[in-house]
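J.:
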Amino acid sequence: MITQIENGGVTAPKGFKAAGYTAGFKPSGLPDLAVIVSEDHSPLPAAALFTKNIVRAAPVEISEENMTKSNGKIAAIVLNSGQANAGTGAPGHQDGLETVQVAADALGCQPENIFICSTGVIGKRFDIEKMKSAIPTVLSAAKSTLEGGFDAAKAIMTTDLRMKQTAFQDTIAGKTVTVGGMCKGSGMIHPEMATMLGVISCDASVGRDVWQKMLKKAVDKSFNAITVDGDSSTNDVVCGLCSGASGLTISQNSAEADALQSLLDKTCMHLAKSIARDGEGATVLIEVQVKGAVSDEDATRIARTVTGSSLVKAAIFGHDPNWGRIAAAAGRARADFDVSKLKISLGDHLLMEHGNPVPFDAVAASSYMKEKAEASAEHYLSDHDTVLITIEVGNGPGEGVAWGCDLSYKYVEINAEYTT
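Residues in the sequence shown are numbered consecutively from 1, following UniProt numbering.
Shown next as structure tokens:
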């Protein structure tokens, strides 16, 4: 049975160390540099997915190159917040290369065994001298305790209001296996891979090719099923490492692989929903479930379109049960369905059936959304904060789900004043 580890993060699985540090990249003086490293500094099987934005940050380019050069063998991940090192041209790329070299020298590995990530303001290079000075210090401070993972997760926050980490555990073939993770993300979130910075750790032994397929499958169900504002960043990436320290070896198309996939899916889904919950200015999490489509792909496309609709998001923030916006968004999702079979519910409130509006208590439906916002303020990371929209489009086998958040006045304020 899968269980969640209290206060778990990237160091919950065996074989990993982590740390957070204040290098001085943030004007606030808050922690801004994190590392996740294999316990004995040896390169581990790694998988990664990168942003599809063609305006890509130097760390994205360098990390993707290193994944190829090393054949997916990574010893450490270095992450900084405060400056994105995106849109910084050749000088920014050189900064990234120097970062990789300093980390490799400190660990005694090759530069291609280092994965780097940055997040923050686009167009800002990080202070390379501060980076080179801080890396040996933060690497030497890395710990295998849960505290080490906590410190790393805290150091990658930017506009995030809450730190995002988790870990889940299961017994597979008699071995205790753990998958942990941390991520950051609050704005510029949309399903274009990876929608954030994220690190996943696992203590099973998994071949690189199998691990890549497993991570992609988990990401498609989680990080690629959330949206905050329809924007995909220049720096988005998720990287997963496998230590093998649990003693379990995974082979492709096995019962053990299926069990590990479930554990990985659970971890990624928890982290993805934590990003959607923490959308800039958000007051509730929105979950859209679609059933009856021709295929899962069509159902997921509808769910993502509704979740990403600014009109739907604004209506939910205003506690307005305007089902017409939901129907319109579903209709433009480029998924074919029979409108005469369209059914829409908001929580337990049926709003539309057989393609026709039905009488409903608008005050009660509005109160449902208001109560979710109040619950969100009191109980973060609980399902009590979730506004549920269910949509049926026919009798087909296709099902899909997506998550997002409402669109508030605060979102405009945060992003209107982001650099000023």
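Glycine residues also receive a C-beta, built at the ideal position from the N, C-alpha and C atoms. Here the structure is a predicted model, which means the values were calculated and not measured.
Under the three-state reduction of DSSP, which class applies to residue 5: helix, strand or coil?
T.: Looking at residue 5 - three-state DSSP - the assignment turns out to be coil, as it is neither helix nor strand.
J.: Please tell me whether residue 329 and residue 342 are closer than 9 angstroms, where the distance is taken between their beta carbons.
T.: Contact flag unset, no.
J.: Since I believe residue 293 is in contact with residue 337 (beta carbons under 8 angstroms), could you give me their beta-carbon distance rounded to a whole number of angstroms?
T.: Rounded, the Cβ-Cβ distance is 6 angstroms, consistent with contact.
J.: So, using beta-carbon positions, are residue 424 and residue 161 closer together than 9 angstroms?
T.: For the chain, the structure presents residues 1 to 420; residue 424 sits outside this window and is missing.
J.: Under DSSP, the beta strand (DSSP E) around residue 423 begins and ends at which residues?
T.: Past the boundaries of the shown model lies residue 423; the chain is included only from 1 to 420, so the question cannot be answered.
J.: Using only alpha-carbon positions, find the residue among 346, 116, 333, 207 that is nearest to residue 62.
T.: The candidate whose alpha carbon is nearest that of residue 62 is 116.
J.: Taking the alpha carbon of residue 234 as the point to measure from, which residue in 39, 56, 365, 42 has its own alpha carbon closest?
T.: Checking every option, the nearest Cα to that of residue 234 belongs to 56.
J.: Hey, out of 18, 214, 20, 287, whose CA is closest to residue 400's CA?
T.: When each option's Cα is compared against that of residue 400, the closest is 287.
J.: Considering only residues of the same chain and omitting the five flanking positions on each side of residue 112, which have a CB-CB separation below 6 angstroms?
T.: Cβ within range, chain order: 66, 69, 70.
J.: Check this for me: beta carbons of residue 300 and residue 218, under 9 angstroms apart or not?
T.: Taking 9 angstroms as the Cβ cut-off, residue 300 and residue 218 do not qualify as a contacting pair.
J.: Using the DSSP secondary-structure output, state which residues sit across from residue 77 in a beta bridge.
T.: The partner list for residue 77 (beta bridge, DSSP) reads 36, 115.
J.: Are the Cβ atoms of residue 196 and residue 275 separated by less than 9 angstroms?
T.: In contact: residue 196 and residue 275 (Cβ atoms closer than 9 angstroms).
J.: Roughly how many whole angstroms lie between the Cα atoms of residue 40 and residue 252?
T.: Distance between the alpha carbons of residue 40 and residue 252: 27 angstroms.
J.: Please report the residue range of the alpha helix (DSSP H) in which residue 109 lies.
T.: No alpha helix (DSSP H) contains residue 109, which DSSP labels as neither H nor E.
J.: Compute the Euclidean distance between the alpha carbons of residue 11 and residue 220, then round it to the nearest angstrom.
T.: Approximately 24 angstroms, taken between the alpha carbons.
J.: Expressed to the nearest angstrom, what Euclidean distance is found between the alpha-carbon atoms of residue 248 and residue 390?
T.: The straight-line gap from Cα to Cα measures roughly 39 angstroms.
J.: Using 8 angstroms as the cut-off, can you tell me whether the stretch 148 to 155 makes contact with the stretch 117 to 134, which would need three or more C-beta pairs spanning the two stretches below that distance?
T.: No: the two stretches stay apart, fewer than three of their Cβ pairs being nearer than 8 angstroms.
J.: For residue 66, which of helix, strand or coil comes out of DSSP?
T.: In this structure, residue 66 counts as helix in the three-state DSSP scheme.
J.: Using only the alpha-carbon positions, how far apart do residue 305 and residue 222 sit?
T.: Answer to the nearest angstrom: the Cα atoms are 15 angstroms apart.
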